[in-house]
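S.K.: Reminder that position 79 of the sequence shown reads as 70 in this note's numbering, one-by-one numbering, no gaps.
Just so you know, even glycine gets a beta-carbon here, dropped at the ideal spot from N, CA and C.
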Amino acid sequence: MNAYESCCMQEVTGETLRPGGFELTKKAVRFCSLDKEDNVLDLGCGRGATIEYLWREHLIRATGVDLSQKLLKIAKEKNPLSKFVFAKGDSLPFDNNSFECVFAECTLSLMDHLQETLKEAHRVLSNDGWFVITDVYAKNPEAIDELTNFSITSCVRGLHQLPLLEEKLEKMGFEIILVEDHSHFLKELMVKIIFSHGSMSAFWSKTMSGEKTQTCCSFEKTLQQCKPGYFMILARKKGGKNG
Ligand SMILES: C[S@@+](CC[C@H](N)C(=O)[O-])C[C@H]1O[C@@H](n2cnc3c(N)ncnc32)[C@H](O)[C@@H]1O
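#1: Enumerate in chain order the residues of its own chain whose CB-to-CB distance from R114 is below 7 Å, with the five nearest sequence positions on each side excluded.
#2: By a C-beta neighbour count over all protein chains shown, 10 Å radius and 16 as the cutoff for buried, is C36 buried or exposed?
#3: In terms of DSSP beta bridges, what is K79 paired with?
#4: Return helix, strand or coil for F122, following the three-state DSSP convention.
#5: Measuring CA to CA, which of T204, Q216, E179 is closest to E137?
#6: Report all residues from its chain with a CB closer than 7 Å to the CB of S174; omit the five preceding and five following residues, and keep chain order.
#7: Once the 5 residues before and after H253 are set aside, which same chain residues still bring their CB inside 7 Å of it?
#8: Tell me the DSSP bridge mates of I224?
#9: Give me the Cα-Cα distance between K67 and S73, rounded to the nearest whole angstrom.
#10: Alpha carbon to alpha carbon, what distance is there between T98 and G234?
#11: Check each candidate in V3, Y128, E(-4), D33 and name the one with the smallest Cα separation from F122.
#12: When burial is assigned at 16 or more other CB atoms within 10 Å of the CB, is P154 buried or exposed?
#13: Decide yes or no for the touch test of the segment 2 to 17 against the segment 89 to 96: beta carbon pairs closer than 8 Å, at least 3 of them.
#14: Are the beta-carbon atoms belonging to F90 and L50 less than 8 Å from one another?
#15: In chain order, what residues of the same chain lie with their CB nearer than 7 Å to the CB of P84, ignoring the 5 residues before and after it?
#16: Have a look at W46, N118, D57 and flag the residue whose alpha-carbon is nearest the alpha-carbon of E(-4).
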């Protein structure tokens, strides 16, 4: 099951299925000087919250991509004039250089094929186009591999190792312009979850339907060892012939 389709998830995160709501979206729009002329892609658009925000606040019309038909239907109902496409991040049905900006808000950590997804984001971006990434990372990556033993569909199962992600982006042809820690947003979300569900394990039990309580507790324990944090990276596709 896609945990992001569960009502438990939306109850704690709101319309945006990520920590921090629109704070980092707003910061990225300003930093990258995006305007209504720009073509924007929202990779893993979920319920279409960012698409709605970009239109409402900036008159930017964005295209959404997701692999959940259920979430795409909700997104489309909320944004009837926007384009939504059912596709995977590692195989985007768009021409080269089609977008001035790609948002990946708490989605790269869920992608099965990160390298291919980065390649696709790079391909569909125009030269000097912006790649806005917000996501979860491990401050202590020692136990990171153990997380993959659990079958939960949650971004925290795919915590990034920040230096590795930066290296991959640079090798792919991106210039990293900004890297910021925003772990307080993840902490706020966890506090909210504990208030409404009693504990993180209880929350995992509800979103990981079918999993034993013991599995949820050991997932939570492994996660704690990794010391999860939240970051924002703003990167630019290098221009020029070899960019
Ligand atoms: C944490 S939610 C974030 C949704 C949205 N960006 C937001 O912040 O509200 C992750 C989203 O990525 C989607 N997703 C997961 N794997 C994907 C993939 N390989 N390709 C496209 N979308 C994917 C999920 O269905 C879900 O909607």
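M.R.: So, to answer that:
#1: N87
#2: buried
#3: S82
#4: strand
#5: Q216
#6: G220, Y221
#7: Only positions -8 to 234 of the chain appear in this structure, which leaves residue 253 out of reach.
#8: I124, V170
#9: 7 Å
#10: In this predicted model, G234 has a pLDDT of only 43, less than 50, meaning its place in the structure is not dependable; the value taken from the coordinates is given anyway. The straight-line gap from Cα to Cα measures roughly 25 Å.
#11: D33
#12: exposed
#13: yes
#14: no
#15: V76, A78
#16: D57
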